[in-house]
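Okay, structure first, notes after.
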Amino acid sequence: MFRYSIHKGKCMKKTRNTRQRGVILDILKKSCSHPTAEMIYREARQVLPNISLGTVYRNLNFLRDQGAVREIRPNEGGSSRFEGADTSHAHFHCVHCSALLDIPLPAALENLRFKEEERISAVSLIDLHVMGSCSGCEGAAAT
Ligand SMILES: [Zn+2]
Ligand SMILES: [Zn+2]
Numbered sequence: 446m447f448r449y450s451i452h453k454g455k456c457m458k459k460t461r462n463t464r465q466r467g468v469i470l471d472i473l474k475k476s477c478s479h480p481t482a483e484m485i486y487r488e489a490r491q492v493l494p495n496i497s498l499g500t501v502y503r504n505l506n507f508l509r510d511q512g513a514v515r516e517i518r519p520n521e522g523g524s525s526r527f528e529g530a531d532t533s534h535a536h537f538h539c540v541h542c543s544a545l546l547d548i549p550l551p552a553a554l555e556n557l558r559f560k561e562e563e564r565i566s567a568v569s570l571i572d573l574h575v576m577g578s579c580s581g582c583e584g585a586a587a588t
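So in my numbering the end of the sequence shown lands on 588, straight run, no missing numbers.
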């Protein structure tokens, strides 16, 4: 599509960026483990051997600002985790291992309105995080 443009350098750069973003989005769509940028970088290198970690970060920030990707910052610190932002759901964090699970947003929250709250005009996202022990760590937590 950009082949006939006279601004060749500029368009080639755009095409490359689009390809990198496509690869990163693909990785996020296929993964359900909420990978870190480093994990995405390792995956992306299988397809784009020359991609750098900085490029992955830049693309993730861009996609996040566009609303295509969600960044999840763990409360306890550590690396941000990323996911494709196509469904609204809540997150369960296991405090023992670093498991980060998708859980359905409680229906009561999904339909939450702030009718009496004059300071809020619209709600675009409800970001609910639940902490606890995952079933794999349950035994360890009891002892
Ligand atoms: Zn766990
Ligand atoms: Zn999620």
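Heads up, the beta-carbon is just placed ideally off N, CA and C, and yes, glycines get one too.
In the three-state scheme derived from DSSP, where H, G and I count as helix and E and B as strand, residue 515 is classed as strand. Checking the DSSP bridge columns, you'll see residue 499 has no partner listed. Secondary structure at residue 507: helix, using DSSP grouped into helix, strand and coil.
Using a cutoff of 7 Å, the CB of residue 477 does not count as near ligand 1, since none of the ligand's heavy atoms is closer than that. Between the alpha carbons of residue 525 and residue 497 lies a distance of about 18 Å.
Residue 491 counts as exposed, since fewer than 16 other beta carbons sit within 10 angstroms of its beta carbon.
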